[in-house]
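To keep things clear, I will list the structure first and then write my remarks on it.
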Amino acid sequence: MSKKRNDLMSREVETITQKLVDALEQDAPQGLLELLQELPEDEVRHSIASLKPADQRKLLEAIPPEVAAQLIQELPESQAVQLLDDIVPRQAAAILDHLPSDEQADILGALPDAEARDLLARMMPEEAGDAMRLLQFAPDTAGGLMITEYLAFLETLTISEIIDDLRINAERYRRYDVQYFYSVDEQGRLKGVLRVRDLLLSDPETQVAAIAISDPISVTTATPLDKLEQLFAHYQFYGLPVVDDEGRLVGMLRRQDVEEAVAAKANRTFLKVLGIFGGEELRSMPLRERVKGRTTWLTVNLILDLIAASVIPLFEETIDAVLALVFFLPIISDMGGNTGSQSIGVTLRELTAGLITPRDAWRVIRREFPLAIINGAVVGLLLAIVGLVWHGNPYLGLLVGFALAANTVIAACIGASLPLLLRRFGVDPAVASGPILTTITDLTGFFLILGGAS
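Remember, this note's numbering sits 2 above the position in the sequence shown when you count from 1.
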């Protein structure tokens, strides 16, 4: 039943997507808006991605900026940046004006400097000012993730005065994501937090200071992402106030934005491990960017593979004498890489979570070593049995089994410690760990089996 419903939904989305294309060709903006309203919210991304790049640009330019901003928020950041970079600057700036401040900063920060400055000059002054302030902070910090659309009032105001302000500025506040109100002193320093229900249920003449929760938990603009992740895991807050070095309230950090940043960071790390440089890759991106992102890794890997393979000619006579070794060489090499990759993955996860630092390299190796011994013994014994049964040669079985066991232990220990050593020297471990590990384990594996056979 579920499959039939999904198939029906898929066909419906395809139909709407085709109607979008037809409406674009007929230059019918009202028809476009009606079709977009028909799309299920979770299918918007798929439907927009199904359009050709030229149709995507035409769509954004044909609909009101506030609607285009809603669509942009449904797209991956790399695709949103590409689209806004391609459309008319005036229209791009109008769309940016309707985005939350953190998303404005993310997109502007990903554009070339000249284009970002041009768009900032075209944006509404208040929106441009907020975006420029956020661009001063590192992306994976509270300052880079916060939004500036928050509500803060002087602690000396009464509830009735706040409610009057909300009514007067209702249109402006409508797009704010409000769960809390903050109280500040005359210097803008954070003093308390006020829940919406407290505001609605309190006596109108009560001052904010009397009902606000004083000394609320807050973060500074420099608080790193791993610390933010820990805070939101510990406290079930919707958001946290962000203050500067002097305690002045400068923004609000939402749980949703932290969770998205953590997921994006994990995705970047995953792509680097796979060998895709330059961040997220989508098939809708220009071919030039996709080639650049992958070819760099492939070139580095080719050079390192050539270094590892250069060992083999040194043992040409040994290989000629014992041709069976050729069968076992790729097995020992590949198993070493697999074992090391497992260790690298665990270390990267612990490093990202703040559970270990580069100073813990020896402790990590000590904890990895017993597991490596057990794994090496198991896979080494299995390969030794294969060598014995297949060729009836106990010496061959003993050799390949020992080589695999030893290479497994070496690979596990190197994989566990290598990311920490690279981090200590300022090298991105997600990028460099894989190719370095593969080269080392290939070299040790070849030396162990070919040297032993000699």
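No residue lacks a Cβ here, since even glycine has one placed at the ideal position from N, Cα and C.
All values derive from a computational prediction rather than experimental measurement.
Beta-carbon contacts of threonine 446 that lie in its chain and below 6 Å, excluding the five residues immediately before and after: Excluding sequence neighbours, threonine 446 sits near Asn409 and Ile412.
Grab the span of the beta strand (DSSP E) containing arginine 365 for me, first residue to last. That residue, arginine 365, is in no beta strand (DSSP E); its alpha helix (DSSP H) goes 363-393.
Quick one: using the 10 Å Cβ neighbour count with 16 as the cut-off for buried, is glutamine 20 buried or exposed? So glutamine 20 ends up on the exposed side.
Candidates Gly403, Ser162, Thr349 and Ile74: which alpha carbon is nearest leucine 385's? Taking each of Gly403, Ser162, Thr349 and Ile74 in turn and checking the Cα distance to leucine 385, the smallest one comes out for Gly403.
By how many angstroms is the C-alpha of leucine 147 removed from the C-alpha of leucine 101? Computed Cα separation, rounded: 14 Å.
Looking only at its own chain, which residues have a Cβ that is under 6 Å from the Cβ of aspartate 322, when we skip the five neighbours before and after it? Unreliable positioning characterises aspartate 322 in this predicted model, as indicated by a pLDDT of 49, which lies under 50. A coordinate reading is not provided.
Taking the continuous alpha helix (DSSP H) assigned at glycine 131, which residues delimit it? It spans 127-137 - the alpha helix (DSSP H) in which glycine 131 sits, taken as one unbroken run.
For the alpha helix (DSSP H) holding serine 204, just list the boundary residues, first then last. For serine 204, there is no enclosing alpha helix (DSSP H), as DSSP marks it with neither H nor E.
Helix, strand or coil for proline 243? Go by DSSP, reduced to three states. Note: proline 243 maps to strand in three-state DSSP.
Under a Cβ-count criterion, where at least 16 other Cβ atoms within 10 Å of its own Cβ denotes burial, should arginine 256 be classed as buried or exposed? Residue burial annotation: arginine 256 is buried, with at least 16 other C-beta atoms found within 10 angstroms of its C-beta.
Flag this pair as touching only if the region 190-199 and the region 240-252 have three or more C-beta atom pairs under 8 Å; answer yes or no. Result yes; three or more Cβ-Cβ pairs closer than 8 Å.
Compare the C-alpha of arginine 92 against each of Pro66, Leu77 and Ser80 and name the closest. The shortest Cα separation from arginine 92 among Pro66, Leu77 and Ser80 belongs to Pro66.
Can you name the start and end residues of the alpha helix (DSSP H) that serine 419 belongs to? Boundaries of the alpha helix (DSSP H) around serine 419: 396-426.
Check this for me: beta carbons of threonine 208 and threonine 160, under 8 Å apart or not? Result yes, Cβ atoms of threonine 208 and threonine 160 sit closer than 8 Å.
Report the CB separation of alanine 144 from leucine 230 in whole angstroms; it is logged as a contact under 8 Å. Confirmed, Cβ separation roughly 6 Å.
Could you please give the first and the last residue of the uninterrupted beta strand (DSSP E) stretch that includes serine 185? Looking at the DSSP string, the run of the beta strand (DSSP E) that includes serine 185 is 182-186.
May I ask you to verify whether the region 388-405 touches the region 324-339, counting CB pairs closer than 8 Å and requiring at least 3? Yes, they touch.
Output the distance between the C-alpha atoms of leucine 452 and alanine 405, rounded to the nearest integer angstrom. About 9 Å.
Rounded straight-line distance, which links the Cα of serine 419 to that of glycine 338: If I take the Cα positions, the gap works out to 15 Å.
Coarse secondary structure for lysine 193, derived from DSSP in three states: Looking at lysine 193 - three-state DSSP - the assignment turns out to be strand.
Ends of the beta strand (DSSP E) at alanine 154? Where alanine 154 is concerned, the enclosing beta strand (DSSP E) starts and stops at 154-156.
Give the secondary structure of glycine 253 by DSSP, where H, G and I count as helix, E and B as strand, and everything else as coil. Strand.
Rounded straight-line distance, which links the Cα of alanine 96 to that of aspartate 57: Distance between the alpha carbons of aspartate 57 and alanine 96 is about 19 Å.
Report the residue from Glu76, Ser80, Leu85 and Lys54 whose alpha carbon sits nearest the alpha carbon of leucine 62. When each option's Cα is compared against that of leucine 62, the closest is Leu85.
Please list, in chain order, all residues of the same chain as threonine 341 whose beta carbon is under 6 Å from its beta carbon, the five residues on each side excluded. If we look at threonine 341 and ignore the five residues flanking it on each side, its Cβ neighbours are Thr410, Ala413 and Ala414.
Tell me which residue opens and which closes the alpha helix (DSSP H) that valine 429 is part of. It is not in any alpha helix (DSSP H) - valine 429 carries neither H nor E in the DSSP assignment.
Going by Cα to Cα distance, which pick from Gly190, Glu36 and Glu261 is closest to glutamate 248? Of the candidates Gly190, Glu36 and Glu261, the one whose C-alpha sits nearest the C-alpha of glutamate 248 is Gly190.
Can you round the beta-carbon distance between aspartate 104 and methionine 125 to whole angstroms, since I take them to be within the 8 Å contact cut? Taking C-beta atoms under 8 Å as the contact rule, aspartate 104 and methionine 125 fail to qualify, at a distance of about 15 Å.
Range of the contiguous alpha helix (DSSP H) that encloses glutamine 232: First-last of the alpha helix (DSSP H) with glutamine 232: 227-236.
Where alanine 434 and glycine 347 are concerned, what is the direct C-alpha to C-alpha distance, given to the nearest angstrom? Pairing alanine 434 with glycine 347, the inter-Cα distance amounts to about 13 Å.
Straight-line CA distance for aspartate 259 to serine 80? Whole-angstrom Cα-Cα distance: 17 Å.
Quick check on DSSP: helix, strand or coil for valine 90? DSSP places valine 90 in coil when its eight states are reduced to three.
What residues match up with valine 221 in a beta bridge as DSSP calls it? Residue pairing from DSSP places valine 221 in a beta bridge opposite Val244.
Using a Cβ-Cβ cut-off of 6 Å (strictly less than) and excluding sequence neighbours within five positions of leucine 22, which residues of its own chain qualify? Within the same chain, leucine 22 has close Cβ partners Leu37.
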